[in-house]
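Student:
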Ligand code: PAF
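Numbering (the numbering used here), first residue to last: 75 to 357.
Encoded structure:
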């Protein structure tokens, strides 16, 4: 069957309402397109959990800073459409910027999860998580899904969306899915396409360093020295580190002594690409 692409919110709502009337659960995977196997794993998970699957493709200008890659972000709609049709998607929602922000971005009502939005990636990318929370809240209102699936590669984003959904009492179950990796460990990301061949060969050092962090933590090293050594290791491999941070896995707070459920989060630049990754560590 051909996969229908819808731009208008009203048509999207009609389709979803008909499924709901038929008693079918609707799973949703929001994306910015340029799809890879990581996105297709999210679609497969939504397929497993719901009778109907909606995927959105929307490169959201509100979550990019003025010096960031909004204009350059890869847009590959025809190929994405083919991949989604092959993955058993029921509907592709690809709204225009005008449909999502009808009064313009400057006037847009915003959604902010306080605190969590300003640390880690939020500290380096001011306004990013407000842009994410706002668009995801709007997409939930447009699609009206029963559940939505997000990748754990964007661990902080997943936490922001969980809290936003809880705080605003949105009737959407949030499902996280483990990061999908290339054979050499690099987390799949649309931004990997920015890497030159030489940078791509070096890129798995980020994940290997996270694995070393897990070993150092298990060996009883203190968090500050783990973070420092990791930063030095990737800098030596030619990255420009943004942060390595050992956090409490449940809420990304600073871990109290003796905390056993941790996550190490990392962000670093390699050439044109800003790469992020994380690894959970249970002590
Ligand atoms: O993770 C992404 O691709 C985006 O941040 C999302 C969740 C689709 C919101 O624009």
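Beta carbons are placed, not taken as given, at the ideal position from N, Cα and C, and that holds for glycine.
Using a threshold of 7 Å, state whether the C-beta atoms of residue 19 and residue 340 are closer than that.
Tutor: Beyond the ends of the chain as shown, which are 75 and 357, falls residue 19; an answer cannot be given.
Student: For residue 119, count neighbouring Cβ atoms within 10 angstroms of its own Cβ and tell me buried if that reaches 16, exposed if not.
Tutor: Here residue 119 refers to the residue found at position 45 of the chain shown. Flag for residue 119 reads buried.
Student: Hey, would you say the C-beta of residue 106 is under 6 Å away from at least one heavy atom of the ligand PAF?
Tutor: Residue numbering aside, residue 106 sits at position 32 when the chain shown is read from its first letter. Yes, since a heavy atom of the ligand PAF falls inside the 6 Å radius drawn around the Cβ of residue 106.
Student: Give me the Cα-Cα distance between residue 171 and residue 323, rounded to the nearest whole angstrom.
Tutor: The residue you call residue 171 lines up with position 97 of the chain shown. The residue you call residue 323 lines up with position 249 of the chain shown. If I take the Cα positions, the gap works out to 34 Å.
Student: In or out: residue 321 buried (at least 16 other Cβ within 10 Å) or exposed?
Tutor: Residue mapping note: residue 321 aligns to position 247 of the chain shown, counting from 1. Its Cβ being crowded by 16 or more others within 10 Å, residue 321 is buried.
Student: Taking just the CA atoms, how far does residue 214 sit from residue 275?
Tutor: Start at 1 with the first residue of the chain shown, and residue 275 comes out as number 201. Start at 1 with the first residue of the chain shown, and residue 214 comes out as number 140. In a straight line, the C-alpha of residue 275 is about 38 Å away from that of residue 214.
Student: Report the rounded CA-to-CA distance for residue 223 versus residue 310, giving the unit in angstroms.
Tutor: If you number the chain shown from 1, residue 223 lands on position 149. If you number the chain shown from 1, residue 310 lands on position 236. Their backbone Cα atoms lie some 36 Å apart in a straight line.
Student: If you scan the segment 174-236 from start to end, which runs of the alpha helix (DSSP H) of 4 or more residues do you find wholly inside it?
Tutor: As far as the segment 174-236 is concerned, its whole alpha helix (DSSP H) runs of at least 4 residues are 195-198, 202-217.
Student: Taking 6 Å as the cut-off, does the CB of residue 127 come closer than this to any heavy atom belonging to the ligand PAF?
Tutor: What you label residue 127 is simply residue 53 of the chain shown in a count that begins at 1. False, no ligand heavy atom lies under 6 Å from that Cβ.
Student: Does the ligand PAF have a heavy atom nearer than 6 Å to the CB of residue 325?
Tutor: As a working note, residue 325 is residue 251 in the chain shown. Not under cutoff, so the answer is no.
Student: Please report the Cβ distance between residue 117 and residue 163, rounded to the nearest whole angstrom; I am assuming they are in contact, meaning their Cβ atoms lie under 8 Å.
Tutor: Position 43 of the chain shown, counting from 1, holds the residue named residue 117. Position 89 of the chain shown, counting from 1, holds the residue named residue 163. The pair is a contact, with the Cβ atoms about 6 Å apart (cut-off 8 Å).
Student: If residue 168 sits next to residue 151, beta carbons under 8 Å apart, how far is it from one beta carbon to the other, in whole angstroms?
Tutor: Against the chain shown, residue 168 aligns to sequence position 94. Against the chain shown, residue 151 aligns to sequence position 77. So it is a contact: roughly 7 Å between Cβ atoms.
Student: Which partner residues does residue 317 have in the DSSP bridge list?
Tutor: Start at 1 with the first residue of the chain shown, and residue 317 comes out as number 243. Answer is 341, bridged to residue 317.
Student: Could you have a look at residue 306 and say whether DSSP puts it in helix, strand or coil?
Tutor: Within the chain shown, the letter at position 232 stands for residue 306. Helix at residue 306.
Student: Quick check: does the Cβ of residue 143 come within less than 6 Å of any heavy atom belonging to the ligand PAF?
Tutor: Counting from 1 along the chain shown, the entry for residue 143 is found at position 69. Answer for residue 143: no, Cβ out of range of the ligand PAF.
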